[in-house]
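full-length UniProt numbering applies: residue 1 is where the sequence shown begins, and numbers increase by one.
C-beta: ideal position from N, C-alpha, C; glycine also.
Since the structure comes first, as structure tokens, the remarks are kept for the end.
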Amino acid sequence: MAKVLYSAGISLDGFMTGPGGDMSWLTPYLGPNPQVEALIPQIGSLLVGRRTFDGDDPHKGGEGEGKAFGGGWEGPQYVVTHNPPDTTITDVTFVDDFGSALAQAKEAAGDKYVNVLGAGMGRQCLAAGQLDEIFVGIAPVLLGDGVRFFDLGGGNVKLERISQAELPLGTNLWFKIL
């Protein structure tokens, strides 16, 4: 059965994007990351929020632009939206219901991870009790504003650290939801 993993690169002050959804801040921190490279083959599908799907790309201008993990991963993506585009996009399914999208993503992932992309999707998975793990790469930068990695509005979620890795360009933390 698929596990649901929320992953992202964030600033030390907890922002996934800068003001206005800017992701260019992340580009200097996209260097080699052995944990991410080992994780990518374990991902069976993506569950993506529409704002993230349409959003800025830290790989802009490079060969990985517009591709999951900068081109390191290919497979089925399930984008939650009430406004699907008119055109078909290979390997992308637009779904208007979170529960249905998650179920489809889990089925497609098989025994691999459903990787969640986007703050809204991460929050919805956690609220639904469907989030198993969190992987975050913390870049040594303070953004001061933008979209927060988690904005729970209160509450307490207990975590158990699975791993921690210090890298030249930041720190990775991996947690299991208790």
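Query	Result
Residue from Ser11, Pro32, Gln35 with nearest C-alpha to Trp25	Ser11
Contact set for Val4: own chain, Cβ-Cβ below 7 Å, skip 5 residues either direction	Val114, Val116, Cys125, Gln130, Leu131, Asp132
CB of Met121 within 8 Å of CB of Val48, strictly	yes
Sequence-distant residues of its chain with Cβ nearer than 7 Å to Gln104 (five each side left out)	Tyr78, Thr93, Val95
Cβ pair count under 8 Å reaching 3, the region 136-146 against the region 65-72	no
Coarse secondary structure for Trp25, derived from DSSP in three states	helix
Given 8 Å, three or more beta-carbon pairs between the region 30-37 and the region 167-174	yes
Pairwise C-alpha distance: Leu178 and Val157	8 Å
Range covered by the alpha helix (DSSP H) that runs through Gly120	119-127
CB-CB length for Asp56 against Gly21, believed under 8 Å	5 Å
Within 8 Å, strictly: CB atoms of Ser45 and Ala101	no
Contact set for Gly137: own chain, Cβ-Cβ below 6 Å, skip 5 residues either direction	Gly9, Gly170, Asn172
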